[in-house]
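One structure is given below, encoded as structure tokens.
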Amino acid sequence: MAGNILRIGLATPLLRLFDYRCPVQGDGHAAGRGKRVVVPFGKQTRIGIIAAITESSAIPAAKLRTAIRVIDAEPLLDESIMALLEWAADYYRHAPGEVMAAALPALLRKGGAVDATESIWHATEQGRNVDSKALARRAPVQARIIELARDKPDGVDDGVLSVAGSTWRTAAAKLIDKKLLDRSQRRIDPLTITGPANGQSIESPPTPTDAQRTAMDAIMAANGFAAFLLEGVTGSGKTEVYLRCIERELEHGRQSLLLVPEIGLTPQLVDRFRRCLATGIVVLHSGLNDTERLTAWRAARDGSAGVIIGTRSAIFTPLPNPGLIIIDEEHDASLKQQDGFRYSARDLAVWRARQLDRPIVLGSATPSFESLENANAGRYAKLCLPERPGSARQPEVRLIDLRVQPCKDGLTEPLRIAIGRHLSNDGQVLLYLNRRGFAPSMMCTSCGQLVECRRCDARLVFHQQRARLVCHHCGVEHAVPNECAECHAPDLLPVGQGTERLEQALTDLFGQYPIVRIDRDTTRRKGEIERRLELVRSGEARLLLGTQMLTKGHDFPNVTMVAIIDADQGLFGTDFRSSERFAQSFIQVAGRAGRGDRPGEVYIQTLFPDHPLLLTLVAEGYDRFAAQAMAERKLAGWPPYSSLALTRAEATQRHTAFDFLAEARDLAAQLINSGRFTGVRWLGPAPAPMERRAGRYRGQLLIQADTRGQLQRFLSEWRPALDNLKSARKARWSVDVDPAELF
Ligand SMILES: [Zn+2]
Ligand SMILES: [Zn+2]
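Counting in this note's numbering, the sequence shown runs from 581 upward without gaps.
Listed below in structure tokens is the structure:
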């Protein structure tokens, strides 16, 4: 690239790059696309990424500032990642500098070196021979440091020395002055997990079933880009297919990238890969510290990791030898980022596979309607893993009509009887209730008033164990009041069921059987979810209840009965995706029932046992349900049969948010009425389903287009113009392309 103007991505909310003059060479490196650069910005300096080098700038020469220094000798972001980021910034209409920043580990964003190093401390010859008892009388921390480092020929790191006491750094500096201690820097190697533990050989996966073999053959036969939708329930062997295909890529010296939902990234999954693959495996997830994240990223970038397993943001990992990309649980909503740079990791992955000309596999027991439509249209090849190897007939499903069956603490009598029967027959029972806390509301039995959050249009949830009322939307907590705020009667009662209350009811009824509850409240501590899941897997826990957290790809081999406590809550949500999400949870949960040759039982409590979608789902399964629900979507014109961009605005004053949305709507109307944008329309502005949240008023404006192309053409003019609206500076707002949720 020729020229001396650098076009730089800086992490600001602006939808553009920034021009600077090339720095004078000096000790810095030559400018190049994908390298980091330090630039003056206002009165500060910032670190940006060079996107292009050109010959001219729209900025007058007198105003053009000069970049200070190019940090990198080699580009940090290679051409293929840069192209991905540019496409993503354009498609999601997000600030390009922020998009580039999202692709870098935090330490690199802050200007750190690619090779992370750490201090290593050695006792010197003199230090090894010092009389530490004498030293301890004058300087106890120094003496402890000497003791810690004395017999360690390889040296010790900061973590070891910090045991000496909180003032260890000062003490270590004094020891260096006295020539009793030395310090050097060591490159930190990534936490790759390499092959089986010592002595064990690589475990070969079980002989594939016919269906698995067909799927593997199809994927392995792909030469270049091809997208596969791999449909199979939990336990049908999707992981075996992944493993075999990754193994094949490794034989050709190629890396594979596996994306999973945050909660699906279990130690069991990583352990399985470790036992079966002879390569370096790095795991990228939100629990890593900055150094761990950088070293894992480096191992992917230098090719030493053959497999990269990660959550959403791992889609931006550099792959010098790209092989296979896999998205597991491709329907999962967590693959879409819900704030800031609102990208879909699944959709970016498909784009990336096409650009790299490599195959991609989207795996799910319950594919998203978007992916099913892509399969129907022939863009994805559909592969099915129908049976669960070595087992089991489909579970028997029974609907319990809540209109005729009285309910106590959320449990009808037929359900109580069934639970008791399974427990006494040595079975394991799973109960699904997607509502945590004791009761979803507190009601005054004198005047009917419900206790509401003062900052949100929402009821406070009663948590009995903590004896608090909590708002699940803004997090505010209150002590439980003694009387009704409205009529002052002392008659407040918890209404409805949450997991906490259900657990109490089950303990009262079946106290002799161990119960495990899994929801956000019981799994706050690190490692707690793994500990609880293990109790379930081992069969020690006999009753298992929990929220959505239970539905994410965990394998519970011993469950004989599953109960959905309240089907209606999910089936009739406000979002056009409510029924799809409910069906996905239902299949994930119901798919647990049955073990070995024993068919399981599934019970569903509902007020609407005649609902056609529910009946189809129960009687004919997910695919038939999806076909029916997709036909309804098509009639209503919702995605995947249209494309959406949702503009959300919020402000402490209601009119501030709605003034902005009205201006944005007027602008949209003007563009659409010009006749240049066919197939595009707007809906709203309207209040968000929960209009007030955390003290702020929220509204939204929906842009809908018949096709992605039409939406993109419209957004390319409309979105930049929003920045110039007078009201845009007063409200907090965002534009979400392909929103996962309409609120
Ligand atoms: Zn009252
Ligand atoms: Zn609240």
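Glycine included, C-beta positions come from ideal geometry on N, C-alpha and C.
For this session: State the DSSP-derived secondary structure class of Asp790, mapped to helix, strand or coil.
Result: Along the sequence shown, one-based indexing puts residue 790 at 210. Helix, per DSSP.
Exercise. Are Arg892 and Gln918 closer than 8 Å when you measure CB to CB?
Worked result: Translated into the one-based positions of the sequence shown, residue 892 becomes position 312. Translated into the one-based positions of the sequence shown, residue 918 becomes position 338. Result no, Cβ atoms of Arg892 and Gln918 do not sit closer than 8 Å.
Exercise. Which ranges would you report for the beta strand (DSSP E) in the stretch 1124–1210 if only whole runs of at least 3 residues count?
Worked result: 1139–1144 and 1181–1186
For this session: In angstroms with no decimal places, state the Cα-to-Cα distance between Asp1286 and Phe1294.
Result: Position 706 of the sequence shown holds residue 1286. Position 714 of the sequence shown holds residue 1294. Rounded to the nearest angstrom, the two C-alpha atoms are 12 Å apart.
Exercise. From Leu687 to Pro655, what does the alpha carbon distance come to, in whole angstroms?
Worked result: Your numbering for residue 687 matches position 107 in the sequence shown. Your numbering for residue 655 matches position 75 in the sequence shown. The straight-line gap from Cα to Cα measures roughly 16 Å.
Exercise. Okay, do the stretch 952–959 and the stretch 1108–1125 touch, 3+ Cβ pairs below 8 Å being the bar?
Worked result: no
Exercise. Taking 7 Å as the line, does the beta carbon of Val1056 fall inside it for any heavy atom of ligand 2?
Worked result: As a working note, residue 1056 is residue 476 in the sequence shown. Yes, Cβ of Val1056 sits closer than 7 Å to a heavy atom of ligand 2.
For this session: For Gln1164, I'd like the list of residues in its chain whose CB is within less than 7 Å of its CB, leaving aside the five on either flank, ordered along the chain.
Result: Position 584 of the sequence shown, counted from the first residue, corresponds to residue 1164. Result list for Gln1164: His911 and Thr946, in chain order.
Problem set entry | As assigned by DSSP and simplified to three states, the class of Phe896 | For the purposes of this step, residue 896 is taken as the residue at position 316 of the sequence shown. Note: Phe896 maps to helix in three-state DSSP.
For this session: May I ask you to list the residues that DSSP assigns as paired with Asp1316?
Result: The sequence position of residue 1316 within the sequence shown is 736, counting from 1. Asp1316 pairs with Leu1226.
For this session: Within 10 angstroms of the Cβ of Asp1146, are there 16 or more other Cβ atoms? Answer buried if so, exposed if not.
Result: On the sequence shown, residue 1146 is found 566 positions in, with the first residue counted as 1. It is buried - the Cβ of Asp1146 has at least 16 other Cβ atoms within 10 Å.
Problem set entry | Three-state class that DSSP yields for Tyr1221 in the structure shown | Looking up residue 1221 in the sequence shown gives position 641. Coil at Tyr1221, not helix or strand.
For this session: Can you check DSSP and say which residues form a bridge with Arg730?
Result: Indexing the sequence shown from 1 puts residue 730 at position 150. Partner(s): none; Arg730 has no beta bridge.
For this session: Just the C-alpha distance for Thr592 and Arg613, rounded to the nearest angstrom, thanks.
Result: Numbered from its first residue, the sequence shown carries residue 592 at position 12. Numbered from its first residue, the sequence shown carries residue 613 at position 33. Approximately 19 Å, taken between the alpha carbons.
Exercise. Could you give the residue range of the alpha helix (DSSP H) that holds Gln706?
Worked result: For the purposes of this step, residue 706 is taken as the residue at position 126 of the sequence shown. Taken as a continuous stretch (DSSP letters only), the alpha helix (DSSP H) holding Gln706 covers Glu705 to Arg708.
Exercise. So, is Asp1303 buried or exposed, given that buried needs 16 or more other C-beta atoms within 10 angstroms?
Worked result: Position 723 of the sequence shown, counted from the start, is the residue given in the question as residue 1303. Looking at its Cβ environment, which holds fewer than 16 other Cβ atoms inside 10 Å, Asp1303 is exposed.
For this session: Report yes if the C-beta of Ser1026 is less than 7 Å from at least one heavy atom of ligand 1; otherwise report no.
Result: Numbered from 1 along the sequence shown, position 446 holds the residue referred to as residue 1026. True, at least one ligand heavy atom lies under 7 Å from that Cβ.
Exercise. Quick one: Cα of Glu909 to Cα of Leu942, how far?
Worked result: In the sequence shown, the residue the question calls residue 909 occupies position 329. In the sequence shown, the residue the question calls residue 942 occupies position 362. Taking the straight line joining both Cα atoms gives about 8 Å.
Exercise. Mapping DSSP to helix, strand and coil, what is Ala1308?
Worked result: Looking up residue 1308 in the sequence shown gives position 728. Here Ala1308 sits in helix by DSSP.
Exercise. Which one or two residues does DSSP pair with Gly1119 in a beta bridge?
Worked result: The residue labelled residue 1119 in the question sits at position 539 within the sequence shown. For Gly1119, which the question treats as bridged, DSSP gives no partner whatsoever.
For this session: Tell me whether His1053 counts as near ligand 2, meaning its Cβ is closer than 7 Å to at least one heavy atom of that ligand.
Result: For the purposes of this step, residue 1053 is taken as the residue at position 473 of the sequence shown. Yes, the Cβ of His1053 comes within 7 Å of a heavy atom of ligand 2.
Problem set entry | Contacting residues, own chain, Cβ-Cβ under 7 Å from Leu1226 (five flanking each side not counted) | Reading the sequence shown from its first residue, position 646 is the one you call residue 1226. Contacts found: Gln1280, Leu1282, Asp1316, Pro1319 and Leu1322.
Problem set entry | Inter-residue Cα distance where the pair is Pro902 and Phe949 | The residue labelled residue 902 in the question sits at position 322 within the sequence shown. The residue labelled residue 949 in the question sits at position 369 within the sequence shown. Cα-Cα distance, rounded: 28 Å.
Problem set entry | Proximity winner among Val1142, Leu1263, Met1129 and Thr634, relative to Val914 (alpha-carbon distances) | Residue 914 sits at position 334 when you count from the first residue of the sequence shown. Correcting the residue type first, residue 914 is Ser in the shown sequence and not Val. Looking at the Cα atoms, Met1129 is the closest of the given residues.
Problem set entry | Separation of Gly817 from Glu783, as counted between CA atoms | For the purposes of this step, residue 783 is taken as the residue at position 203 of the sequence shown. For the purposes of this step, residue 817 is taken as the residue at position 237 of the sequence shown. The alpha-carbon atoms of Glu783 and Gly817 are separated by roughly 16 Å.
Exercise. Val821: which of Arg834, Phe853, Ala1059 and Met1270 sits nearest, CA to CA?
Worked result: If you number the sequence shown from 1, residue 821 lands on position 241. Considering only alpha carbons, the answer is Phe853.
Exercise. Can you name, in chain order, every residue of its own chain whose Cβ lies under 6 Å from the Cβ of Phe598, other than the five neighbours on each side?
Worked result: Counting from one through the sequence shown, the residue named residue 598 turns up at place 18. Closer than 6 Å at Cβ, skipping near neighbours: Ile588 and Leu590.
For this session: Please classify Val840: is it buried, with 16 or more other beta-carbons within 10 angstroms of its beta-carbon, or exposed?
Result: As a position in the sequence shown, residue 840 is number 260, starting the count at 1. So Val840 counts as buried.
For this session: Would you kindly work out how many angstroms separate the C-alpha atoms of Leu1030 and Pro975, rounded to a whole number?
Result: The sequence position of residue 1030 within the sequence shown is 450, counting from 1. The sequence position of residue 975 within the sequence shown is 395, counting from 1. Approximately 40 Å between the Cα atoms of the pair.
Problem set entry | alpha helix (DSSP H) runs contained entirely in the stretch 1215–1301, provided each spans 4 or more residues | 1234–1253
Exercise. Rounded C-beta distance between Ile1109 and Thr1103? I'm assuming under 8 Å.
Worked result: Residue numbering aside, residue 1109 sits at position 529 when the sequence shown is read from its first letter. Residue numbering aside, residue 1103 sits at position 523 when the sequence shown is read from its first letter. Confirmed, Cβ separation roughly 4 Å.
Exercise. Ile980 by DSSP, collapsed to three states: which one?
Worked result: Taking the sequence shown and counting its residues from 1, one reaches residue 980 at position 400. The answer is strand: DSSP assigns Ile980 an E or B state.
For this session: Take the Cβ of Asn778 as the centre, count every other Cβ of all protein chains shown within 10 Å, and call the residue buried at 16 or more, exposed below.
Result: Position 198 of the sequence shown, counted from the first residue, corresponds to residue 778. Caution applies to Asn778, whose pLDDT of 45 falls short of 50 and renders its modelled position unreliable; the value that the coordinates give is listed next. Label assigned to Asn778: exposed.
Problem set entry | Three-way DSSP call (helix, strand, coil) for Val1060 in this model | Walking along the sequence shown from the start, residue 1060 turns up at place 480. Correct three-state label for Val1060: coil.
Problem set entry | Selected residue, minimal CA-CA separation from Pro900, among Gly886, Ala894, Ala1085 and Tyr1183 | By one-based count along the sequence shown, residue 900 stands at place 320. The option with the nearest alpha carbon to Pro900 is Gly886.
For this session: Helix, strand or coil for Ala632, going by three-state DSSP, please let me know.
Result: In the sequence shown, counting from the first residue as 1, residue 632 sits at position 52. If DSSP states are grouped into helix, strand and coil, Ala632 belongs with the strands.
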